[in-house]
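**Student:** Structure in structure tokens, see below.
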Amino acid sequence: MDDRSFAVAQAMILETKKYWTTKLYPALKEDYQHRASLSDAPPQTVNDVRGLIGGTTDYQVYAWLERHLQRFKYSGRYGLAPYHRERRDNFLAPLTGMTDNENLDVDPDFDQPKYYRAVDIHQHPGGVWSADTAGFEYERGARSTTPMMGGKHRDLHQRFTDLVAEGGTPSRVLDMGCGFGKSTQPFYESFADARIDAIDLSAPCVTLGAYTARQGQAKNTRFRQMSACETDYDDSEFDLVTSTMLIHELPPPQIEQMFDESLRLLQSGGRMVHLDFHELPDVFARFIHYGHGRRNNEPFMEPWAEMDVASVLKEKGFKDVTVKSFAEAEGVDAVNSPVWRFPWTVISAVKP
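In the working numbering, the protein residues as written are 120 to 471.
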């Protein structure tokens, strides 16, 4: 495909996603509220909401577009996967020699977890780990994950890093599930004197992350292919363990393992701060969020949202546990948003 056709097609998908976000979602929410006001009792469960609007035309169109816009974005005629894979050599050329970079550690014999291989999360063809261009595909795709933010998507990560900085300046940081390094970059830029390790299951992603860090002359950061559930670091090696949009992609047993590993890795008084999707203000938001998980091939989103994470962390021995909604941009209403948004949540705790 030619570059112009690709760019136009992706722009059309993004504009349609904006319409879905700002027009279809509010109309669906208004219809739900009207139907709920006429019902004998307020809806109490996700199934109650489904019974009210699950069969309506508004919801069917909303759900169809959510599923298929993502499919078109990644694997359609002008999708991210075919575009990047047709140009494989061009995209990979700058990465030549990265395997010899001291700030990159990739294991060619790495055994991917079964849960990670079983589902093409985000509808990414083959998964974000399988193609050597997958890091570039994921990076381009992330630009339209939050359609209303556009070029401000980086601000989300910087806002989170700024929030973390309010609790003190770390000296040894572990970024779990770093992807292609978008979440890591504000940390190595904000904490230039800290030593930062970023880990992810995807070799193409950590390779791109290391390349981007090298281009930014960040010498304090190392990218490694590794599971957040089981690392090779020493006990008490870090004073900050963090992640962004990792937890909801883990099955419940692996979530608990990741929390256990975080506790092991932290120094006494060290902080664990994760940004993810969790706090849902009402049953309608829960219904929408669970549907998103199914349509976007994210099967662990629902059990994670159902988890009483504060109790789990306290039982594991953490203290000062907080679970709070997070505004991803200025002026965002995290409780009653007029447009669709992710339920951004900060989960933080301290090792005694």
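Positions of the beta carbon are idealized from the N, C-alpha and C atoms, including for glycine. In this text the structure is predicted, and so the values were computed from the model without any measurement.
I'd like to know whether the C-beta atoms of tyrosine 257 and cysteine 348 end up nearer to each other than 9 Å.
**Tutor:** Taking 9 Å as the Cβ cut-off, tyrosine 257 and cysteine 348 do not qualify as a contacting pair.
**Student:** I'd like to know whether the C-beta of leucine 147 is nearer than 9 Å to at least one C-beta of chain C.
**Tutor:** This model lacks chain C altogether; it includes just one protein chain.
**Student:** Between the Cα of alanine 329 and those of Ala311, Pro227, Arg262, Gln304, spot the shortest distance and give me the residue it belongs to.
**Tutor:** Comparing Cα positions, the closest option is Gln304.
**Student:** Between the alpha carbons of proline 289 and glutamine 277, how many angstroms are there, rounded?
**Tutor:** Going by the C-alpha atoms only, they are around 15 Å apart.
**Student:** Does the distance from the C-beta atom of threonine 363 to that of phenylalanine 279 stay below 9 Å?
**Tutor:** Against a cut-off of 9 Å, the Cβ pair of phenylalanine 279 and threonine 363 comes out as a contact.
**Student:** First and last residue of the beta strand (DSSP E) that includes glycine 260?
**Tutor:** Segment 253-261 is the alpha helix (DSSP H) holding glycine 260; no beta strand (DSSP E) there.
**Student:** Name the residue from His408, Lys438, Arg343 whose alpha carbon lies nearest to the alpha carbon of arginine 390.
**Tutor:** Of His408, Lys438, Arg343, the residue nearest in Cα terms is Lys438.
**Student:** Does the Cβ of tyrosine 202 have 16 or more other Cβ atoms within 10 Å, making it buried, or fewer, making it exposed?
**Tutor:** Tyrosine 202 should be labelled buried.
**Student:** Taking a contact to mean a Cβ-Cβ separation below 9 Å, would you say arginine 154 touches isoleucine 172 in this structure?
**Tutor:** It is a contact, given that the beta carbons lie within the stated cut-off.
**Student:** Tell whether a beta-carbon distance below 9 Å holds between tyrosine 193 and valine 127.
**Tutor:** For tyrosine 193 and valine 127, no; Cβs fall outside 9 Å.
**Student:** With DSSP collapsed to three states, give me the class of valine 325.
**Tutor:** Here valine 325 sits in helix by DSSP.
**Student:** Round the Cβ separation of valine 360 and leucine 293 to the nearest angstrom and send it over; I've been treating them as touching at under 8 Å.
**Tutor:** Sure, about 5 Å apart at Cβ, within 8 Å.
**Student:** In the DSSP assignment, find the unbroken beta strand (DSSP E) run with leucine 359 in it and report its ends.
**Tutor:** Start and end: 357-363.
**Student:** Can you tell me whether serine 80 is helix, strand or coil according to DSSP?
**Tutor:** As displayed, the chain neither begins before 120 nor continues past 471, which places residue 80 out of reach and without an answer.
**Student:** Let me check understanding here. Comparing Cα to Cα, which of Pro422, Lys148, Val225 lies closest to aspartate 401?
**Tutor:** Closest option to aspartate 401, Cα to Cα, is Lys148.
**Student:** Should the segment 409-417 be regarded as contacting the segment 370-388, the criterion being three or more beta carbon pairs within less than 8 Å?
**Tutor:** Result no; under three Cβ-Cβ pairs closer than 8 Å.
**Student:** Could you have a look at methionine 426 and say whether DSSP puts it in helix, strand or coil?
**Tutor:** Reduced to three states, the DSSP call for methionine 426 is coil.
**Student:** What residue does the beta strand (DSSP E) around phenylalanine 342 start on, and which one ends it?
**Tutor:** Counting along the chain, the beta strand (DSSP E) containing phenylalanine 342 begins and ends at 340-344.
**Student:** Using DSSP with H/G/I as helix, E/B as strand and the rest coil, what is phenylalanine 310?
**Tutor:** Phenylalanine 310 falls in the coil class under three-state DSSP.
**Student:** Expressed to the nearest angstrom, what Euclidean distance is found between the alpha-carbon atoms of cysteine 297 and alanine 317?
**Tutor:** Looking at the two C-alpha atoms, the distance is approximately 6 Å.
**Student:** Rounded to a whole number of angstroms, what is the C-alpha to C-alpha distance between alanine 160 and arginine 169?
**Tutor:** Taking the straight line from one Cα to the other gives about 14 Å.
**Student:** For a test of the three-state rule: what should DSSP assign to alanine 453, helix, strand or coil?
**Tutor:** Alanine 453 falls in the coil class under three-state DSSP.
**Student:** Just to confirm the assignment, what range does the alpha helix (DSSP H) spanning aspartate 121 have?
**Tutor:** No alpha helix (DSSP H) contains aspartate 121, which DSSP labels as neither H nor E.
**Student:** Give the secondary structure of leucine 394 by DSSP, where H, G and I count as helix, E and B as strand, and everything else as coil.
**Tutor:** In this structure, leucine 394 counts as strand in the three-state DSSP scheme.
**Student:** Based on the DSSP output, what are the partners of aspartate 224 in its beta bridges?
**Tutor:** Per DSSP, Arg343.
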